[in-house]
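Enquirer: Quick one: the structure is below, questions incoming.
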Amino acid sequence: MLVLSRKKKETIVVNEEITIEILEIKGNQVRIGITAPRAVRVRRGELTPRFRAEESPQLKSWVAPEIVREEILQFAVAELV
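Using our numbering, the first residue of the sequence shown is number 94, and each one after it goes up by one.
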C-alpha cells in the first residue's frame with residue numbers, strides 16, 4: 094500500500110490518466126476532485142458493495158479492468174481521509 098501526504102491544491106496521478114486533487118481541508122474532512130476518462134467509473138467506496146450486489150451473477154465471476162482501476166482509486170482516496 095502506498096501512503097501519501099498531500100496539501101491543498103496538490104495532486105496524485107494514477108496511471109497517467111487519473112488525477113486526484115486536494116481541493117479543501119476542513120478539520121477531519123477532505124474534499125477531493127477526480128479527473129478520469131469516462132470509461133473509468135468513480136464512486137464512493139461505501140456504495141461499491143451495493144452496486145456489486147445488484148450486478149447479475151454472470152458479471153460477478155468476471156472482473157472488468159475498469160472495476161480494478163476503480164478499486165485502486167478508492168484505496169488511494171481512502172488514504173487521503
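Ideal Cβ positions, reconstructed from N, Cα and C, are used throughout, including at glycine.
#1: Quick check: what's the CA-CA separation for Leu140 versus Val107?
#2: Check whether the Cβ of Arg99 sits closer than 8 angstroms to any heavy atom of the ligand SAM, and report yes or no.
#3: Quick check on Leu152: does DSSP put it in helix, strand or coil?
#4: Taking only three categories from DSSP, how would you classify Gly120?
#5: Could you check which residue in Ile118, Thr112, Asn121, Ser98 has the C-alpha nearest to that of Val133?
#6: According to DSSP, is Glu139 part of a helix, a strand, or is it coil?
#7: If you measure from the beta carbon of Arg131 to each beta carbon in chain B, is any gap under 9 angstroms?
#8: Can you name, in chain order, every residue of its own chain whose Cβ lies under 8 angstroms from the Cβ of Glu103, other than the five neighbours on each side?
Expert: Concretely, from the data shown:
#1: 21 angstroms
#2: Although the ligand SAM was asked about, the structure shown includes no ligands whatsoever.
#3: Note that Leu152 scores 48 on pLDDT, short of 50, meaning its location in the model is unreliable; the coordinates nonetheless yield the value given after this. Looking at Leu152 - three-state DSSP - the assignment turns out to be helix.
#4: coil
#5: Thr112
#6: helix
#7: Looking at the structure shown, chain B is missing, and only one protein chain is on hand.
#8: Glu114, Ile115
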